[in-house]
Amino acid sequence: MNPICIVDDQSSIASTVESILKDEGYPTLVFPDAESFWQKLDTLEPSLVLLDVWLPGIDGMQLLKRVHTRLPELPIIMMSGHAGIEAAVAAIKAGAYDFLEKPLHLEVLLDKVASAIKHRPAAGSANLPSDTRFESASAGNALPPGMVEVVDSSVPQRTLKGNVVLNGIGLLSGRNTGIILSPLGVNEGILFQSLDGQTIRGHITSLEDYSRSVTTKTFSANSTTLENGKRRVRTVEHLMAVLSMYGITNALVKVDEEVPNIDGSAKDFCGLIEDAGIEEQSASTKVAVVRQKIGVGREDKAEKHLFVEPFEGFEVSMRVDYPPPIGEQVLRFDPAKGSFAKDIAPARSFNTFENIEMAQKLGKVGGGYLNSHIIMYGGKVINTELRYPDEFVRHKILDLIGDLYLLGLPVQGRIFANMTSHGYNQALVQLLHQAIQSSAGK
């Protein structure tokens, strides 16, 4: 094979990497600066380049761009001991295959080198559906009575024992934001309140552009945003999922337009509820019991669909099938048998680098995406280590649970979802709400 070129002005690091790679049978060449390596490219075709970000003269990022323009198929792994996710994303955007942090770890180094040597751009990787658009979710209009009924349960309503605060970065705005959770009385529900005192119900009828969505059957796939005509609150889904799974039926959420998105998951919201403590209330919780199957989309493995059927309890089965590194993932979650806080809440949002870059250019998302998403490029994750091998499908379940709580009631039923995003989730909740109204004769 052609040699692996190591471009690093720190001779001790370069010689160590060279020795490691030679021990594994890789031919190597070492260059102390960008200029000597660039001149050698006239007579050399490397199989891989390990390139330090900080170099004398022409720095590594400048060299990366020059080499990528000249040899676009040559895999380049950037190395640095003083860079974060922004630098890594900038390197990937400029054409790097991967990014290594110093000090280098033997197994990580060898794994990335082996992957790069065999690298072929993954066709269709940019086809991962972007959560930055609207999606059409077709459903019938008239629903007969009796499909979904609201009944009293033996479970008491719950609120918080005290006030708790959480600060973070807004996913869409990229601004510093925060929330204050406070107790509420029985039958109050989940209420969001803006800093100027405007109240927005945590309910499907408060969905942004709800009337248009019901008419056109087109719902937002981006995230879940609520409004009251004067104010709005964005990215409520992860918090709503936690409130749902902890059985919080009454709570006030004070927020400055956007719920903070700490790391793209819901685990910090779980800690927030546990810090506040849970107080059982005198009234019983009402439950939406699914009596007949109801759903959105056509039940075909190749098409998006989402439906719920009668079941003694609550269960979600989710299937996704996206290009590498995701592939097909299927998971069934029953909170009575598993732990939401351990199995679902820590799963993070995800998207491709291409989709995020396009959304940022269109002004639809802010810088909060960089540190709160699993980012994929060229068929691999580029900015983090996965918390679960199937973290992607787990996050889809998290989103679904959060959107489902916009019904304002816990659901008794078994849910099946295939390749769905927020748009389908919202459409199903709208149908469930319509079915409840039909059964109540409204």
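Counting along the sequence shown from 1, when you hit position 368 you're at 352 in the working numbering, and nothing is skipped either side. Note that CB positions come from ideal geometry on N, CA and C, so glycine has one too. Please read all numbers here as calculations on a predicted model, not as lab measurements.
Identified DSSP bridge partners for residue i
| i | result |
| --- | --- |
| residue 63 | 36 and 84 |
| residue 364 | 361 |
| residue 290 | 280 and 401 |
| residue 13 | -11 |
| residue 270 | 136 |
| residue 211 | 216 |
| residue 306 | 311 |
| residue 183 | 177 |
| residue 335 | 359 |
| residue 295 | Answer by DSSP bridge pairing: none, since residue 295 is not bridged. |
| residue 244 | 154 |
| residue 395 | 272 |
| residue 191 | 210 |
| residue 263 | 143 |
| residue 300 | 317 and 399 |
Whole-number beta carbon distance between residue j and residue i, since they are thought to touch under 8 Å
| i | j | result |
| --- | --- | --- |
| residue 358 | residue 76 | About 14 Å separates the two Cβ atoms, so there is no contact after all. |
| residue 267 | residue 171 | 6 Å |
| residue 356 | residue 93 | Not confirmed; about 28 Å, so no contact. |
| residue 228 | residue 397 | At roughly 14 Å, the Cβ-Cβ gap does not stay under 8 Å, so residue 228 and residue 397 are not in contact. |
| residue 87 | residue 31 | 24 Å between Cβ atoms; not a contact. |
| residue 332 | residue 375 | 7 Å |
| residue 13 | residue -11 | 5 Å |
| residue 127 | residue 78 | At roughly 53 Å, the Cβ-Cβ gap does not stay under 8 Å, so residue 127 and residue 78 are not in contact. |
| residue 219 | residue 242 | 6 Å |
| residue 135 | residue 420 | Not confirmed; about 11 Å, so no contact. |
| residue 240 | residue 162 | 7 Å |
| residue 102 | residue 84 | That belief does not hold up - the Cβ atoms of residue 102 and residue 84 are roughly 17 Å apart, past 8 Å. |
| residue 18 | residue 42 | 4 Å |
| residue 337 | residue 361 | 4 Å |
| residue 188 | residue 390 | 4 Å |
N-terminal and C-terminal residue of the beta strand (DSSP E) that residue i is part of
| i | result |
| --- | --- |
| residue 152 | 148 to 153 |
| residue -5 | Premise fails: residue -5 lies in the alpha helix (DSSP H), -5 to 7, not in any beta strand (DSSP E). |
| residue 102 | Neither: residue 102 is in no beta strand (DSSP E) and is coded neither H nor E. |
| residue 238 | 235 to 239 |
| residue 311 | 311 to 317 |
| residue 165 | 160 to 167 |
Start-to-end residues for the alpha helix (DSSP H) that takes in residue i
| i | result |
| --- | --- |
| residue 24 | 18 to 24 |
| residue 136 | That residue, residue 136, is in no alpha helix (DSSP H); its beta strand (DSSP E) goes 132 to 144. |
| residue 53 | 44 to 54 |
| residue 414 | 406 to 423 |
| residue 255 | 251 to 260 |
| residue 387 | 375 to 388 |
| residue 222 | 221 to 229 |
Buried or exposed by the 16-neighbour rule on C-beta atoms within 10 Å, applied to residue i
| i | result |
| --- | --- |
| residue 335 | buried |
| residue 167 | buried |
| residue 89 | exposed |
| residue -15 | exposed |
| residue 164 | exposed |
| residue 256 | buried |
| residue 91 | exposed |
| residue 418 | buried |
| residue 244 | buried |
| residue 111 | Legend: pLDDT at residue 111 = 42, less than 50; position of this residue unreliable, value from coordinates given subsequently. Counting Cβ neighbours within 10 Å, residue 111 comes out exposed, since fewer than 16 surround it. |
| residue -1 | exposed |
| residue 179 | exposed |
| residue 66 | exposed |
| residue 402 | buried |
| residue 183 | exposed |
| residue 423 | buried |
| residue 444 | Here the chain comprises residues numbered -15 to 426, so residue 444 is not present and cannot be evaluated. |
| residue 1 | buried |
| residue 394 | buried |
| residue 59 | buried |
| residue 109 | With a pLDDT of only 37 at residue 109, under 50, the local geometry of the prediction cannot be trusted, and the value read off the model is given with reservation. Result: buried. |
| residue 115 | For residue 115, the pLDDT reaches just 46, beneath the cut-off of 50, and the residue's location in the model is therefore unreliable, although a value from the coordinates is still provided. With 16 or more Cβ atoms within 10 Å of its Cβ, residue 115 is classed as buried. |
| residue 82 | buried |
| residue -8 | buried |
| residue 272 | buried |
| residue 210 | buried |
Any C-beta of chain D under 8 Å from that of residue i
| i | result |
| --- | --- |
| residue 369 | In the displayed structure, chain D is absent; only one protein chain is listed. |
- Cβ contact check for the region 281 to 291 and the region 404 to 424: 3 or more pairs under 8 Å: Counting Cβ pairs under 8 Å, three or more are found: they touch.
- Message: Within 8 Å, do at least three Cβ pairs link the region 257 to 265 to the region 377 to 387?
- Response: No, the region 377 to 387 is not in contact with the region 257 to 265.
- If you pair each beta-carbon of the region 35 to 53 with each one of the region 316 to 325, do three or more pairs fall below 8 Å? Result no; under three Cβ-Cβ pairs closer than 8 Å.
- Task: Kindly confirm or deny that the region 225 to 241 and the region 141 to 148 touch, where touching means at least three C-beta pairs closer than 8 Å.
- Result: Taking 8 Å as the limit for Cβ pairs, the verdict is that the region 141 to 148 does touch the region 225 to 241.
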